[in-house]
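Q:
Number of protein chains: 2
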Amino acid sequence: MNLKELSRQLGLSQTTVSRALNGYPEVNETTRDRVRQAADQFGYRPNARAKGLATGQSMAIGHVITNSTSHEMVNPIFGDFISGAGEIYAKQGYDMVLSIVRDRDEEQAYRELKAKGAVDGIILHGPCNDEPRIGLLKSIGMPFLVHGRASNETGDYAWVDVNNRQAFFRATAFLLDLGHKRIALVNGLEAMDFAHRRREGFEAALADRGLVADPALMRTGEMTEVYGYTSVNDLLDQDAPPTAFLVSSMISALGVRRAIEERGLKMGRDISVITHDDDLSYLRNGGDVPIFTATRSSVRLAGQRAAIRLLKMIGRPDVPFKHELLEAELMVGQSTGPAP
Amino acid sequence: MNLKELSRQLGLSQTTVSRALNGYPEVNETTRDRVRQAADQFGYRPNARAKGLATGQSMAIGHVITNSTSHEMVNPIFGDFISGAGEIYAKQGYDMVLSIVRDRDEEQAYRELKAKGAVDGIILHGPCNDEPRIGLLKSIGMPFLVHGRASNETGDYAWVDVNNRQAFFRATAFLLDLGHKRIALVNGLEAMDFAHRRREGFEAALADRGLVADPALMRTGEMTEVYGYTSVNDLLDQDAPPTAFLVSSMISALGVRRAIEERGLKMGRDISVITHDDDLSYLRNGGDVPIFTATRSSVRLAGQRAAIRLLKMIGRPDVPFKHELLEAELMVGQSTGPAP
DNA sequence: TTGAAAGCGCTACCAC
DNA sequence: GTGGTAGCGCTTTCAA
């Protein structure tokens with residue numbers, strides 16, 4: 075069923091039917107009701123491509139996530155973020171188009187998305203400290219919002235992030251309070267902004283007590299299960315092994331715990347482990363407030379906020395936003411000059 | 075830059091330029107080269123909406139994933155599957171549109187995708203034993219492929235799955251070989267087909283040795299971290315607690331391990347744990363062949379296969395497919411009658 | 001308050 | 001081998 079047919083059924087012009095359905099004020103309310111009812115009955119939906127062609131909008135938002143050649147797995151955190159964003163898009167009648175591209179094809183992917191007119195805006199995932207994509211998106215005139223921040227970017231851009239620095243500061247402080255002296259950091263790739271911030275939080279907490287981070291206790295790498303496993307084994311084989319671990323991702327944490335178990339060490343007695351995106355920290359704290367971590371739930375919330383902001387940027391009406399728990403962990407900002 | 079401009083620059087008609095770019099044979103090769111070069115130079119990309127409107131194709135595949143109201147997190151396995159599929163789409167010039175819908179809105183979502191003409195085909199995720207969506211998609215004439223299977227579906231449909239039953243059969247058999255008598259199954263929701271199959275594999279391995287599964291040792295639920303945590307605590311508080319756990323998801327496994335750790339039990343001595351989608355099983359087995367599990371890597375492979383098959387179904391040319399490890403874990407099929 | 005018609009950017013048919 | 005043009009389904013002037 076298309077507009078032509080529908081309007082013929084109704085004995086009206088396409089113009090009137092279109093106007094009725096799109097809420098234009100000049101349509102007689104009686105007519106509008108008739109049209110709406112018929113549209114409902116026939117299950118009429120405007121063809122997205124035709125509508126897009128006529129309006130110049132695609133009613134879609136792109137999410138581009140990179141997939142390095144060395145490590146093809148997708149960080150589960152993207153799933154949570156995207157789930158939050160998707161909910162908002164659905165409510166607003168937007169589609170989400172997901173591009174999964176090799177890092178070397180990334181610039182090309184953005185240009186194509188723009189030239190093809192496939193999306194009205196983009197969410198940029200996984201920013202590095204130096205983030206060339208920000209300049210690129212600006213130069214091609216594609217509205218965008220960054221999931222995370224780019225520390226070395228001096229220009230102006232919108233972002234939504236979880237508070238990585240504070241989370242790692244608090245987690246480290248907690249371990250220090252427990253009496254740990256040798257704390258290991260099993261971090262993500264520190265060229266990535268989030269990992270960089272986590273490290274800063276870690277170091278700041280140590281500095282607060284007059285301590286200096288020991289490079290021998292810090293690992294950085296793609297956050298796979300295998301990486302967690304081998305990191306722990308390396309770290310524990312050292313002369314002065316750590317007594318606690320701060321782990322950047324629940325996937326690595328699987329490997330971390332496995333390695334610890336295999337050595338017959340007992341958590342909480344021989345060794346402490348805190349994982350960044352770990353929903354159990356709620357459970358142990360009465361179920362409402364996060365202790366140290368930016369959990370999966372707060373990432374989902376970040377996705378919602380990001381979607382709302384981007385839709386606003388491209389001129390969509392306000393979406394009512396329900397404030398939930400965890401908001402405190404979330405940061406929303408507009409950066410001019412180096413990211414805060 | 076659009077076709078009109080480009081053709082004017084070249085002093086050719088839109089027709090010729092279009093034909094040159096789309097590989098039609100009747101174009102002079104010299105002309106074609108000129109056109110290609112100019113298109114390259116100006117960064118010309120045909121507008122996707124206009125092209126779609128003219129051809130009736132959207133050059134996009136939809137992935138619909140449901141998001142139950144109780145449990146908003148996205149299973150990381152979707153990310154891996156989607157990453158594999160996305161790679162294929164990109165190569166073939168297809169976009170992926172991702173719909174995240176509440177279960178009760180699902181039928182509506184499919185109808186809309188069809189009516190709007192947003193996608194040329196759909197990947198159906200997370201099928202239940204009784205899967206009404208299969209009938210729905212057939213009735214609205216939307217090409218689709220199922221990621222998984224629907225045991226109670228008697229009609230004909232294409233699917234790609236990992237071998238859940240065999241994986242759980244082998245894992246159970248292994249635990250029995252180790253001498254375990256009381257093995258717990260921490261499974262997903264058994265209305266879901268994958269969980270149903272996993273349970274069947276579990277029970278079949280027991281039956282093979284003349285044993286019967288003890289209902290008191292089986293748990294079923296949404297695979298969250300908290301679920302794993304509470305399940306283990308419940309199970310271990312019983313009079314005759316299990317000595318081994320078979321866990322359906324690495325997310326639940328995080329909770330499972332945490333609970334075990336907290337009780338001061340030692341893995342491998344007091345208790346054994348096998349997790350379904352656990353990439354470390356490679357590491358321990360020389361890095362090439364999966365022991366028991368359908369790992370994240372094989373799920374990624376499944377995504378590739380699914381994309382290829384669906385594209386074929388909607389009449390796209392063959393994609394060269396590189397056979398990799400793990401293929402043995404993968405099942406590809408066309409079901410007529412109850413799923414095998 | 002309604003309708004006719006142009007036009008969004010492309011493909012594909014038909015003529016040359 | 002190349003070009004003119006109708007038409008995909010919608011929105012949006014402009015006219016009535």
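Residue numbers (our numbering), protein chains in the order written: chain A, 75 to 414; chain B, 75 to 414.
Glycine included, C-beta positions come from ideal geometry on N, C-alpha and C.
Within 8 Å (strictly less), CB to CB, does A124(B) reach chain A?
A: Residue 124(B) sits at position 50 when you count from the first residue of the second sequence. By this cut-off, A124(B) is an interface position.
Q: Tell me which residues share the same chain as S157(B) and place their Cβ nearer than 7 Å to its Cβ, disregarding the 5 neighbours each side in the sequence.
A: Counting from 1 along the second sequence, the entry for residue 157(B) is found at position 83. Here the set comprises R374 and G377.
Q: Pick helix, strand or coil for G302(A), following the three-state DSSP scheme.
A: As a working note, residue 302(A) is residue 228 in the first sequence. Three-state result, G302(A): helix.
Q: Whose CA, out of V193(A), P150(A), R110(A) and R383(A), lies closest to the CA of M170(B)?
A: In the second sequence, residue 170(B) corresponds to position 96, counting from 1. Checked all of V193(A), P150(A), R110(A) and R383(A); the closest Cα to M170(B) is V193(A).
Q: Under 8 Å, Cβ to Cβ, is there at least one residue of chain A near E296(B)?
A: Here residue 296(B) refers to the residue found at position 222 of the second sequence. No - not a single Cβ of chain A is within 8 Å of the one on E296(B).
Q: Identify each residue in the segment 182 to 195 of chain B for which the Cβ-Cβ distance to at least one residue of chain A is less than 7 Å, and report them in chain order.
A: R185, E186, A189, K190, G191 and A192
Q: Quick check: the Cα distance between G361(B) and V300(A), rounded to an integer number of angstroms?
A: Residue mapping note: residue 361(B) aligns to position 287 of the second sequence, counting from 1. Residue mapping note: residue 300(A) aligns to position 226 of the first sequence, counting from 1. Annotation note: pLDDT 40 at G361(B) (below 50); position unreliable, coordinate value reported separately. Approximately 11 Å, taken between the alpha carbons.
Q: How far does the beta strand (DSSP E) with D235(A) in it extend, from its first residue to its last?
A: For the purposes of this step, residue 235(A) is identified with residue 161 of the first sequence, where counting begins at 1. Y231 to V236 is the span of the beta strand (DSSP E), which, as asked, contains D235(A).
Q: Looking at the secondary structure, which residues open and close the alpha helix (DSSP H) in which T105(B) lies?
A: As a position in the second sequence, residue 105(B) is number 31, starting the count at 1. T105(B) -> alpha helix (DSSP H) spans E103 to F116.
Q: Between which two residues does the alpha helix (DSSP H) holding A128(B) run?
A: The residue you call residue 128(B) lines up with position 54 of the second sequence. A122 to T129 is the span of the alpha helix (DSSP H), which, as asked, contains A128(B).
Q: Starting from I162(A), follow the alpha helix (DSSP H) in both directions and report where the run begins and ends.
A: The residue labelled residue 162(A) in the question sits at position 88 within the first sequence. Unbroken alpha helix (DSSP H) run through I162(A): P150 to K165.
Q: Note the first and the last residue of the continuous alpha helix (DSSP H) segment covering M297(B).
A: To locate residue 297(B), count along the second sequence from 1; it is residue 223. M297(B) -> no alpha helix (DSSP H), and no H or E assigned at all.
Q: According to DSSP, what are the bridge partners of M170(A)?
A: Here residue 170(A) is taken as the residue at index 96 of the first sequence, counted from 1. According to DSSP, M170(A) bridges with I135(A) and L172(B).
Q: Decide if E103(B) is buried, meaning its Cβ has at least 16 other Cβ atoms within 10 Å, or exposed.
A: Numbered from 1 along the second sequence, position 29 holds the residue referred to as residue 103(B). E103(B) comes out exposed.
Q: Is there a Cβ from chain A that is less than 8 Å from the Cβ of R82(B)?
A: Indexing the second sequence from 1 puts residue 82(B) at position 8. Not an interface residue.
Q: Leaving out five residues on either side along the sequence, give the residues of the same chain with a beta carbon under 8 Å from the beta carbon of L55(B).
A: The displayed coordinates of chain B run from 75 to 414. Any statement about residue 55(B) would go beyond what the structure contains.
Q: Going along the chain, which residues of the segment 103 to 133 of chain B sit with their C-beta nearer than 8 Å to a C-beta in chain A?
A: Cβ contacts with chain A: G117, Y118, R119, P120, N121, A122, R123, A124, G126, L127 and S132.
Q: Looking at the structure shown, is G275(A) part of a helix, part of a strand, or coil, going by DSSP?
A: Translated into the one-based positions of the first sequence, residue 275(A) becomes position 201. Helix, per DSSP.
Q: With 16 as the cutoff for other CB atoms within 10 Å, does R337(B) come out buried or exposed?
A: In the second sequence, counting from the first residue as 1, residue 337(B) sits at position 263. Under this definition R337(B) is an exposed residue.
Q: If you compare alpha carbons, which of M133(B), I214(B) and T228(B) is closest to E186(B)?
A: Counting from one through the second sequence, the residue named residue 186(B) turns up at place 112. Among M133(B), I214(B) and T228(B), the Cα nearest to that of E186(B) is on I214(B).
Q: Near S322(B), what residues of its chain come up, given a Cβ to Cβ distance below 7 Å and the 5 sequence neighbours on each side ignored?
A: To locate residue 322(B), count along the second sequence from 1; it is residue 248. Once the five neighbours on either side are set aside, the close Cβ partners of S322(B) are V260, N261, G262, A269, R272, M297 and H350.
Q: For A164(B), which residues of its own chain have a beta-carbon under 8 Å away from its beta-carbon, when the five flanking residues on both sides are left out?
A: Taking the second sequence and counting its residues from 1, the one referred to as residue 164(B) is at position 90. By the criterion of a C-beta distance shorter than 8 Å, A164(B) is surrounded by no residue of its chain, once the five residues flanking it on both sides are discounted.
Q: Using DSSP with H/G/I as helix, E/B as strand and the rest coil, what is H270(A)?
A: As a first step, residue 270(A) is located in the first sequence; it is residue number 196 there, counting from the start. Three-state result, H270(A): helix.
Q: Can you give me, in chain order, the residues of the segment 161 to 177 of chain A that have a beta carbon less than 9 Å from any beta carbon in chain B?
A: E161, Y163, A164, D169, M170, V171, L172, S173, I174, V175 and R176
Q: Could you confirm whether any beta carbon from chain A is found closer than 8 Å to the beta carbon of E398(B)?
A: Position 324 of the second sequence holds residue 398(B). Its pLDDT being 43, under 50, E398(B) is placed unreliably in this model, and the value from its coordinates should be taken loosely. So, not an interface residue.
Q: Could you name the residues of chain B that M324(A) contacts, counting a contact when the two beta carbons are closer than 7 Å?
A: As a first step, residue 324(A) is located in the first sequence; it is residue number 250 there, counting from the start. Taking the beta carbon of M324(A) as reference, the chain B residues within 7 Å of it are L328, listed in sequence order.
Q: Since V260(A) sits in a beta bridge, which residues does DSSP pair it with?
A: Reading the first sequence from its first residue, position 186 is the one you call residue 260(A). BP columns for V260(A) point to R293(A) and V321(A).
Q: Taking only the alpha-carbon atoms, compute the straight-line gap between G191(A) and N203(A) and give it to the nearest angstrom.
A: Here residue 191(A) is taken as the residue at index 117 of the first sequence, counted from 1. Here residue 203(A) is taken as the residue at index 129 of the first sequence, counted from 1. Each residue's alpha carbon lies about 29 Å from the other.
Q: Could you check whether P201(B) and V418(B) sit closer than 8 Å to each other, using their CB atoms as the reference points?
A: Lying before the first or after the last residue shown, residue 418(B) is absent from chain B, which here runs from 75 to 414.
Q: Establish whether the CB of R331(B) and some CB of chain A are separated by less than 8 Å.
A: Locating residue 331(B) in the second sequence gives position 257, counting from the first residue. By this cut-off, R331(B) is an interface position.
Q: May I ask you to list the residues that DSSP assigns as paired with F243(A)?
A: Here the question's residue 243(A) lines up with position 169 in the first sequence. In DSSP, F243(A) forms no bridge with anything.
Q: Looking at chain A, is there any beta carbon in it that lies within less than 8 Å of the beta carbon of G153(B)?
A: In the second sequence, counting from the first residue as 1, residue 153(B) sits at position 79. True, the Cβ-Cβ gap to chain A drops below 8 Å.
Q: Starting from the Cα of L328(A), find the closest Cα among I348(A), Q83(A) and D313(A) and give me that residue.
A: On the first sequence, position 254 is the one that residue 328(A) refers to. Looking at the Cα atoms, I348(A) is the closest of the given residues.
Q: Note down, in chain order, every chain A residue with its Cβ under 8 Å from the Cβ of K255(B).
A: Stepping through the second sequence from its first residue, residue 255(B) is reached at position 181. Within chain A, no residue comes near K255(B); the closest Cβ sits about 22 Å away, beyond 8 Å.
Q: Tell me, to the nearest whole angstrom, how far the beta carbon of E227(B) is from that of I208(B); I am working on the premise that it is less than 8 Å.
A: Stepping through the second sequence from its first residue, residue 227(B) is reached at position 153. Stepping through the second sequence from its first residue, residue 208(B) is reached at position 134. Yes, they are in contact, since the Cβ atoms of E227(B) and I208(B) sit about 5 Å apart, within 8 Å.
Q: Does any residue of chain A bring its CB to less than 8 Å from the CB of S372(B)?
A: In the second sequence, the residue the question calls residue 372(B) occupies position 298. No, no contact with chain A.
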